[in-house]
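Written out below as C-alpha coordinates is the structure these notes cover.
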(Lines of atoms letter the chains of each structure in order from A and count residues from 1; the text may use other names and numbers.)
(Lines give C-alpha, C1' and ligand atoms only; values in the text may rest on other atoms or scores of the structure.)
Protein backbone atom coordinates (compact mmCIF):
# COMPACT_ATOMS: atom_id res chain seq x y z
CA UNK A 1 0.00 0.00 0.00
CA UNK A 2 1.34 3.45 -0.92
CA UNK A 3 2.35 5.87 1.83
CA UNK A 4 2.88 9.60 2.26
CA UNK A 5 5.02 11.35 4.89
CA UNK A 6 3.07 13.30 7.52
CA UNK A 7 4.77 15.86 9.74
CA UNK A 8 2.83 17.74 12.44
CA UNK A 9 4.44 20.53 14.46
CA UNK A 10 3.33 23.22 16.93
CA UNK A 11 5.09 26.38 18.17
CA UNK A 12 5.31 25.12 21.77
CA UNK A 13 5.97 21.38 21.31
CA UNK A 14 7.90 21.36 18.04
CA UNK A 15 7.46 18.07 16.18
CA UNK A 16 4.39 16.22 17.45
CA UNK A 17 4.17 13.48 14.79
CA UNK A 18 6.36 12.34 11.92
CA UNK A 19 5.86 9.17 9.93
CA UNK A 20 4.61 7.46 6.80
CA UNK A 21 0.84 7.04 6.64
CA UNK A 22 -1.75 5.74 4.16
CA UNK A 23 -4.40 8.46 4.56
CA UNK A 24 -5.11 11.63 6.52
CA UNK A 25 -8.61 12.97 7.16
CA UNK A 26 -8.71 16.63 8.21
CA UNK A 27 -11.22 19.48 8.48
CA UNK A 28 -10.31 22.72 6.74
CA UNK A 29 -12.18 25.98 6.28
CA UNK A 30 -13.53 24.40 3.07
CA UNK A 31 -14.82 21.23 4.75
CA UNK A 32 -13.52 17.71 5.35
CA UNK A 33 -10.64 16.45 3.19
CA UNK A 34 -9.13 13.01 2.68
CA UNK A 35 -5.46 13.13 1.68
CA UNK A 36 -3.88 10.11 -0.02
CA UNK A 37 -0.36 9.55 -1.42
CA UNK A 38 0.31 11.51 -4.64
CA UNK A 39 -2.40 14.07 -3.78
CA UNK A 40 -2.40 17.31 -5.78
CA UNK A 41 -0.60 20.26 -4.22
CA UNK A 42 -2.74 22.08 -1.68
CA UNK A 43 -2.41 24.81 0.94
CA UNK A 44 -5.32 25.31 3.33
CA UNK A 45 -6.27 26.63 6.75
CA UNK A 46 -7.39 24.07 9.33
CA UNK A 47 -10.15 24.57 11.89
CA UNK A 48 -9.98 23.01 15.39
CA UNK A 49 -10.86 19.32 15.02
CA UNK A 50 -9.68 15.74 15.54
CA UNK A 51 -7.45 14.61 12.65
CA UNK A 52 -7.66 10.94 11.71
CA UNK A 53 -4.34 9.36 10.72
CA UNK A 54 -4.82 6.01 8.96
CA UNK A 55 -2.09 3.44 8.54
CA UNK A 56 -3.17 0.03 7.30
CA UNK A 57 -6.05 -1.06 9.53
CA UNK A 58 -5.08 1.19 12.45
CA UNK A 59 -6.27 4.73 13.06
CA UNK A 60 -4.69 7.36 15.31
CA UNK A 61 -6.59 10.46 16.39
CA UNK A 62 -4.82 13.77 16.98
CA UNK A 63 -6.60 16.95 18.06
CA UNK A 64 -5.34 20.09 16.30
CA UNK A 65 -6.42 23.53 17.46
CA UNK A 66 -6.40 25.11 14.01
CA UNK A 67 -3.42 25.97 11.84
CA UNK A 68 -2.29 25.39 8.28
CA UNK A 69 -1.63 22.36 6.07
CA UNK A 70 0.56 22.07 2.99
CA UNK A 71 0.25 19.00 0.77
CA UNK A 72 2.63 17.86 -1.97
CA UNK A 73 2.45 14.50 -3.76
CA UNK A 74 5.09 13.12 -1.34
CA UNK A 75 4.50 14.95 1.96
CA UNK A 76 1.87 16.52 4.24
CA UNK A 77 3.01 19.28 6.60
CA UNK A 78 0.65 20.46 9.35
CA UNK A 79 1.63 23.58 11.28
CA UNK A 80 -0.90 23.53 14.11
CA UNK A 81 -1.63 26.17 16.75
CA UNK A 82 -1.81 23.27 19.23
CA UNK A 83 -1.93 19.47 19.03
CA UNK A 84 -2.71 16.72 21.52
CA UNK A 85 -3.23 12.95 21.29
CA UNK A 86 -5.58 13.20 24.31
CA UNK A 87 -8.50 14.36 22.17
CA UNK A 88 -11.02 14.67 25.04
CA UNK A 89 -8.72 16.88 27.14
CA UNK A 90 -7.81 19.02 24.14
CA UNK A 91 -11.42 19.55 23.06
CA UNK A 92 -12.43 20.45 26.63
CA UNK A 93 -9.75 23.14 26.60
CA UNK A 94 -11.33 24.95 23.64
CA UNK A 95 -14.98 24.54 24.67
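In the working numbering, the protein residues as written are 2 to 96.
Idealized CB from N, CA, C, for every residue including glycine.
When 29, 2, 65, 44 are compared against residue 21, the one with the closest alpha-carbon: The closest CA to that of residue 21, considering only 29, 2, 65, 44, is found on 2.
As assigned by DSSP and simplified to three states, the class of residue 75: Residue state for residue 75 is assigned as coil, using DSSP reduced to three classes.
Determine whether the beta carbon atoms of residue 49 and residue 35 lie at a separation below 8 Å. For residue 49 and residue 35, no; Cβs fall outside 8 Å.
Count the other CB atoms within 10 Å of the CB of residue 44; is the residue buried (16 or more) or exposed (fewer)? Exposed, by the Cβ-count rule.
According to DSSP, which residues form a beta bridge with residue 56? In the DSSP assignment, residue 56 is bridged to 59.
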